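J.: Mapping the sequence shown onto the working numbering, position 187 (from 1) lands on 187, and the numbers just tick up by one.
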Amino acid sequence: MSFGDPNNPYGPPQGQQPGYPQGQQPGYPQAPQPGYGYPQGAPQGQPGYGYPQAPQGVPPQQGYGYPQQPGGYPGGPAAPRVASMGRRFGARLIDGVAFGIIYFILAAIGVAGSVGAAQDCDPAAADYNTCINDASSSIVASFGAVIGVLAVVGLLYEWLMTGLVGATLGKMALGMRVVKVDTGQKPGLGSAFIRWIIPMVGSFACGIGQLLVYLSPFWDKSGRQQGWHDKAASTMVIQN
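(1) So for residue 186, helix, strand or coil by DSSP?
(2) Quick one: what does DSSP say residue 239 is sitting in, helix, strand or coil?
(3) So which of 221, 127, 144 has the shortest CA-CA distance to residue 108?
(4) Under 8 Å, do residue 167 and residue 194 count as touching if we go by C-beta distance?
(5) Using a Cβ-Cβ cutoff of less than 6 Å, which residues in the same chain neighbour residue 83 once the five nearest sequence positions on both sides are dropped?
(6) Using the Cβ count rule (16 or more neighbours within 10 Å means buried), how would you classify residue 185?
(7) Quick check: residue 174 and residue 91, are their CB atoms within less than 8 Å of each other?
(8) Can residue 235 and residue 187 be called in contact, C-beta distance under 8 Å?
(9) Answer yes or no: do residue 150 and residue 103 have a C-beta to C-beta separation smaller than 8 Å?
(10) Mapping the DSSP letters down to three states, classify residue 115 as helix, strand or coil.
(11) With distance defined between alpha-carbon atoms, name the residue in 158, 164, 225 nearest to residue 197.
(12) May I have the straight-line CA-CA distance separating residue 94 from residue 191, to the nearest angstrom?
(13) What is the DSSP secondary structure of residue 181, counted as helix, strand or coil?
(14) Inspect the beta-carbon positions of residue 114 and residue 98 and report whether they are closer than 8 Å.
(15) Throw me the rounded Cβ distance for the residue 117 and residue 137 pair, which I believe falls under 8 Å.
(16) Looking at the structure shown, is residue 225 part of a helix, part of a strand, or coil, going by DSSP?
(17) Would you kindly report the start and end of the unbroken alpha helix (DSSP H) that includes residue 209?
(18) Pull up the distance between the alpha-carbon of residue 182 and that of residue 201, whole angstroms please.
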């Protein structure tokens, strides 16, 4: 019996090697066919692996970088400009000059009244010395009253302006304002009072404590140049 014999009904068809399917040659592996390896059916041109893709029609979300902080303050991508110490010193100087003018006017009124009272004393009168002493006491009392008035005015000025407006006249003139660190909003009366009272307590030690409070932003490591009074009130000073 011979292969390829047309008279042999059990042999392979003529032209085909025995023992192998048609189209396959002996000794060589068959080429891989589709359906193996990577999954089929993925849309062409679309990545099937790696980072997950956002659904079509949905805008990309901000998922990387620094977390967005309320008001965009330090730590966020829209951090404001922190006010320099030079500007802050200039604002204090402007406010101090304004208070100096008020103090001078009030003191001049008190002294003028006391001097007028001393001029009314009659040198020939028996109670002349008593009259002069009373006039001198009046001058001292006038200065004391002026200092008391200025203390009250200073409290109301610094406290109310910072809490309700966010800036004193000096800060307004130099384009600065005080804000809450976490929200960027005005401090409010509570935080403004804390911010005011801390340097005032320091002023009782011959003003040394107050000076240290106002210089403390130089030692702040947060990048916000917060003084001790700012940290206690959770505030910071920024440029507009």
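Where is the CB? At the ideal position from N, CA and C, for every residue including glycine.
The structure presented is a predicted model; accordingly, all values stated were derived computationally and were not measured.
T.: If we stick to the structure as given:
(1) coil
(2) strand
(3) 144
(4) In this structure, residue 194 does not lie closer than 8 Å to residue 167 by Cβ.
(5) 176, 237, 238, 239
(6) exposed
(7) yes
(8) yes
(9) yes
(10) helix
(11) 158
(12) 23 Å
(13) coil
(14) no
(15) In fact, because the Cβ distance is near 10 Å, the residues do not count as touching under 8 Å.
(16) coil
(17) 208-215
(18) 26 Å
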